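What follows is a single structure, written as structure tokens, with notes after it.
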Amino acid sequence: MKSGIDRSEMIRRLFLQEKPVEILISISRMETPYASRILREVDTTFAHAVKILSTMEDLGIIESERSGRIKALKLTPHGEVLAESLNNFLEACKVDPDAEAEKIRGIAERILSRLDQIYREEIEGKKRLKHRDMVRISRRIAPYERELKRLERMSGGDKETYILEIKEKIAWIKREKEQITSS
Numbered sequence: 001m002k003s004g005i006d007r008s009e010m011i012r013r014l015f016l017q018e019k020p021v022e023i024l025i026s027i028s029r030m031e032t033p034y035a036s037r038i039l040r041e042v043d044t045t046f047a048h049a050v051k052i053l054s055t056m057e058d059l060g061i062i063e064s065e066r067s068g069r070i071k072a073l074k075l076t077p078h079g080e081v082l083a084e085s086l087n088n089f090l091e092a093c094k095v096d097p098d099a100e101a102e103k104i105r106g107i108a109e110r111i112l113s114r115l116d117q118i119y120r121e122e123i124e125g126k127k128r129l130k131h132r133d134m135v136r137i138s139r140r141i142a143p144y145e146r147e148l149k150r151l152e153r154m155s156g157g158d159k160e161t162y163i164l165e166i167k168e169k170i171a172w173i174k175r176e177k178e179q180i181t182s183s
């Protein structure tokens with residue numbers, strides 16, 4: 001172990017990284033975990049996996065036993081507690097896709113409603129727009145364009161119907177604004 005760092009700190013540092021968590025959970029899920037199988041499942045380099053496994057062994061999280069060229073791995077009681085805790089943590093981090101979709105849909109409906117309001121207040125029935133009116137309309141639309149980008153990130157870049165509808169509504173308002181201005 002590194003000098004100057006206590007065991008708890010080393011464990012904390014180890015498991016605040018993606019690969020060690022994947023390795024520990026893979027070991028806990030496999031009937032007979034071998035280092036080579038873990039390496040393939042976690043998709044990491046041999047050197048990185050060996051370093052992580054060595055650190056886990058030094059910290060008393062796993063035990064290993066060589067049988068010829070094969071290295072069998074086993075969780076210690078402490079390793080089992082850590083694996084279960086990390087599994088529970090990862091389960092708690094999962095987002096309910098239905099709740100997330102409903103949230104996105106609610107935000108999208110609010111944006112569409114506000115865009116309709118901007119159209120009614122700024123463009124509908126007007127024959128001409130002054131430069132300052134055009135600037136004001138652009139400024140009123142801008143926050144919803146930013147919100148649209150945020151919605152796209154939330155939905156994982158999916159082209160949800162309501163996201164496309166917002167894009168079309170913004171483009172339509174801009175076209176209407178330009179048509180009134182150029183007439």
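At the far end of the sequence shown sits residue 183, using UniProt numbering, and the numbering has no gaps. All residues carry an ideal CB built from backbone N, CA and C; glycine is no exception. This structure is a prediction, so every number in the text was calculated from the model and none was measured.
{"Item": "With distances taken Cα to Cα, identify the nearest neighbour of Glu147 among Tyr162, Asp133, Met134.", "Value": "Tyr162"}
{"Item": "To the nearest angstrom, how far is the alpha carbon of Val42 from that of Leu164?", "Value": "37 Å"}
{"Item": "Taking the straight line between their C-alpha atoms, what separation do you get for Val73 and Pro20?", "Value": "Reading off the sequence, residue 73 comes out as Leu, not Val. Taking the straight line from one Cα to the other gives about 14 Å."}
{"Item": "For Glu109, which residues in the same chain have their Cβ closer than 8 Å to its Cβ, ignoring the five residues on either side in sequence?", "Value": "Tyr162"}
{"Item": "Please confirm whether Lys167 and Leu115 have their CB atoms less than 8 Å apart.", "Value": "no"}
{"Item": "Which same chain residues end up closer than 7 Å to Lys177 when comparing Cβ atoms and leaving out the 5 residues on each side of it in sequence?", "Value": "Ile123, Leu129, Met134, Ile137"}
{"Item": "Secondary structure at Arg66, three-state DSSP: helix, strand or coil?", "Value": "strand"}
{"Item": "For Ser155, which residues of its own chain have a beta-carbon under 6 Å away from its beta-carbon, when the five flanking residues on both sides are left out?", "Value": "Ile104"}
{"Item": "On a CA-only basis, which of Leu59, Thr32, Ile23, Glu65 is nearest Phe46? Give me that one, please.", "Value": "Ile23"}
{"Item": "Is it buried or exposed, Met30, if we count other Cβ atoms within 10 angstroms and call 16 or more buried?", "Value": "exposed"}
{"Item": "With H, G and I counted as helix, E and B as strand and the rest as coil, what does DSSP make of Lys127?", "Value": "coil"}
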